[in-house]
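Worksheet: the structure to be examined is printed underneath.
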Amino acid sequence: MAAADGRSSDNRARGDCGGGRIHRLEIENFKSYKGMQTIGPFFDFTAIIGPNGAGKSNLMDAISFVLGVRSAHLRGAQLKDLIYALDDRDKEAKGRRASVRLVYRQPNQVELHFTRTITGAGGSEYRIDGRLVTWDEYNAKLRSLGILVKARNFLVFQGDVESIASKNPKELTALLEQISGSDELRREYDELEEQKARAEENSALVYQEKRTIVMERKQKKAQKEEAEKHLRLQQDLKLLKTEHSLWQLYTIEKDIEKMEAELAEDRESLQQVQEENQSAENELTAKKKEQSAFLKKMTLCEKSIAKKKLELDKKQPELLKLKEQISRLKSKIKSCKKEIDKKKDDNKKHLEEMRRLQSALVDVTKAIEELNEQGQDKSGKLQLADDQLQEYHRIKEDAGMKTAKLRDEKEVIDKKLNADVEAKKNLEENMQQLRSREDEISSQETELQTRLDKILHSIPKHENELTHLREEHTRIAKERQSSGSRYQTLKQRVDEIDTQLRELKADKHESERDARLKETVGSLKRLFPGVHGRMHELCRPSQKKYNLAVTVAMGKFMDAVVVEDENTGKECIKTWFSRCRLGDEVCWDSGCLGHHDQKISKTELGRENGWGGKAKKLQLLPLVLA
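Be aware that the sequence shown starts at 1254, since it is given in the working numbering, and climbs by one per residue.
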């Protein structure tokens, strides 16, 4: 590791100064080196090898020490810890010193000596070629050779490779900035960046002001062109208004005729749609009735299915119960048959025994009878001995006892056999009844299953019919909706045409009125020099965007006739009534807009015009005094 560190520092020094390198080290009382020790010369590639404790790492610490690395990075708490000491007494001795001199050979073969000394007070002295210098001068000289003490770019310390490999991108960037020395320029860079931002902001403001001025210039130029164009168009407008009024009247009449024809067609279409709609509603009602009938029928079928299922479910436990009873009875009958067979075998054995005993009894009886006959025949001749007579009676009693016991057993067996036969007969009858019940239930189940299958088979048909009815209902509903939409569209169209017709009639009436009024004002202007014209002809806004505001401000005075004085106004009114004989009453403003209205009643005008005070309707003619 020390060898790798030495090689890295040597190569870095040579690379930064164009071929310079460390030539040798002169170490005095530094760490494990006692006295003056000269290590070197170093070559382009030098490896330091040796056992543990030989001083390899201390050599690297010496290079780091003379290049200005702090004691914390040299495995020592303070500089005094770096002075050679054999034992504790040497450590406590005063006036101890240590130094390391690095001989750096430049490309021109000139040697440069860097010396760092630990004083007795525990401080550091820095010398260049034997001359005492400050740390700043010392560091500046090292920096000129490309050795950055703060960045420690001249040595690869133990653990640095692993540390760099574990750094994240941000930490690696900070390390590169530290090694390259760019972090010292951060403050200057930030200040220049801020100045650049301010300059860009000022430039943007100036550019924005320039754009604003250019836009205002274009706008003023456009306004000038628009004003000139407006003046030209005003002259053209005066020439076109009369022609436009005539064309408008002609167009309105044509539009009225066209819309009346369209209105008639739309009314016919509306009538047809209403009839179609009524037909669709009738068809929809019929389909709804059919759907209701099918739904009712389907509901009844579903209820019947549910009822049959319920009956089947109710019968199911009884059927299971009967099956269990049949199973138990079969088992019981089987056991009874076994018992009967056993009893039959026993009875057969007893019968054989009884037959044997009866046969023996018959033989004995015959023998006794023969003996009795012989005894009767020879009663006088032969007398049985006492022992023979006793044997006879004994045999007779034994035969009677044995036959009586067998008869009793036979009676018991016969009774039990009769009881078993009767039980078998009862069981067979119960079995027959259960089988009949089972057959009946199976028949009912088959019948119910058949009916259920029939109903289930008919369900898809009814569902298809229901689906068809629903589709038909949906189609009719859509047709009805479409007819309704068409009806609403035609109705809206008729309303729009009626509205347009009314508007066209109103426009026609207004155009005719405007034409008459314009003609009258022209006549008044020819008759009376004090008549200036109508208000909207004399007062026009300089820009089109003010048209609405001016119209609202003028209000009812838009068509007012401006005259020079009150007398001129009265003369105009008299002339108007004498020529037109129209109107209800006449009012004018005395002086200017905003003064009180003065009215001339129709009675006074009639009296002045020779109407004799008769009630006549007069057309409104507002006059404004100039």
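Glycine is no exception: its CB is placed at the ideal position from the N, C-alpha and C atoms.
- Around the beta carbon of Ala1315, a 10 Å sphere encloses 16 or more other beta carbons of the protein chains shown; the residue is thus reported as buried.
- The beta carbons of Gly1308 and Leu1398 sit no closer together than 8 Å.
- For Ile1292, the enclosing beta strand (DSSP E) covers residues 1286 to 1292.
- Taking 8 Å as the cut-off, the Cβ atoms of Glu1725 and Lys1561 do not count as close.
- When the alpha-carbon of Lys1798 is set against those of Leu1278, Gln1476, Tyr1337, Pro1570, the nearest one is in Gln1476.
- For Tyr1379, the pairing in a beta bridge is given by DSSP as Arg1369, Val1386.
- Buried is the label assigned to Cys1825, since at least 16 other Cβ atoms lie within 10 Å of its Cβ.
- In terms of Cα proximity to Glu1390, the closest of Ile1417, Lys1420, Glu1718, Leu1320 is Leu1320.
- Annotated three-state conformation of Ser1352 is strand, per DSSP.
- Distances from the alpha-carbon of Thr1552 to those of Lys1420, Ile1750, Ser1711 put Ser1711 closest.
- If one requires a minimum length of 3 residues, the beta strand (DSSP E) runs lying completely within the stretch 1764 to 1789 are 1784 to 1787, in chain order.
- Taking the CA atoms as reference points, Ile1509 sits about 13 Å from His1762.
- When the five nearest sequence neighbours on each side are left out, no beta carbon in the same chain lies closer than 7 Å to the beta carbon of Glu1479.
- Linking Glu1437 to Gln1431 through their CA atoms gives a straight-line distance of about 8 Å.
- Under the three-state reduction of DSSP, Arg1358 is assigned to strand.
- In the assembly as shown, Ser1532 is an exposed residue. Its beta-carbon has fewer than 16 other beta-carbons within 10 Å.
- The distance from the Cβ of Leu1523 to that of Lys1771 is about 41 Å, inconsistent with a contact at the 8 Å cut-off.
- Membership of Val1816 in any alpha helix (DSSP H) is not indicated; the residue belongs instead to the beta strand (DSSP E) covering 1814 to 1816.
- Take the alpha-carbon of Lys1550 and the one of Ile1694: they are about 29 Å apart.
- The beta carbon of Leu1335 is closer than 8 Å to those of Phe1283, Lys1284, Asp1314, Phe1318, Ser1324, Leu1327, Gly1329, Ala1351, Ile1371 in its chain, skipping five residues each way along the sequence.
- Contact between Val1774 and Val1816 is absent: CB atoms are separated by about 11 Å, not below the 8 Å threshold.
- Ranked by Cα distance from Arg1349, the first of Gln1359, Ala1418, Tyr1337 is Tyr1337.
- The residues Ile1586, in chain order, have a CB closer than 8 Å to that of Glu1681 in the same chain once the five nearest residues on each side in sequence are set aside.
- For Ala1517 and Val1805, the gap between their C-alpha atoms comes out near 39 Å.
- A contact is defined here as three or more CB-CB pairs under 8 Å, and the stretch 1590 to 1601 meets this definition with respect to the stretch 1656 to 1675.
- If you look at Asn1282, you'll find it in the beta strand (DSSP E) that goes 1274 to 1283.
- A buried status is given to Asn1311, since no fewer than 16 other beta-carbon atoms sit within 10 Å of its beta-carbon.
- Pairing Arg1793 with Thr1742, the inter-Cα distance amounts to about 42 Å.
- Rounded to the nearest whole angstrom, the C-alpha separation of Arg1358 and Tyr1379 is 19 Å.
- With 16 or more other Cβ atoms from the protein chains shown falling within 10 Å of its own Cβ, Gly1822 counts as buried.
- In this structure, Arg1733 places its C-beta atom within 8 Å of the C-beta atom of Leu1537.
- Ranked by Cα distance from His1646, the options Val1665, Thr1618, Asp1661 are led by Thr1618.
- The Cβ neighbour count for Val1526, taken over all protein chains shown within 10 Å, is at least 16; the residue is labelled buried.
- Within the DSSP secondary-structure output, Ile1400 pairs in no beta bridge.
- A straight line joining the alpha-carbon of Leu1548 with that of Thr1699 spans about 28 Å.
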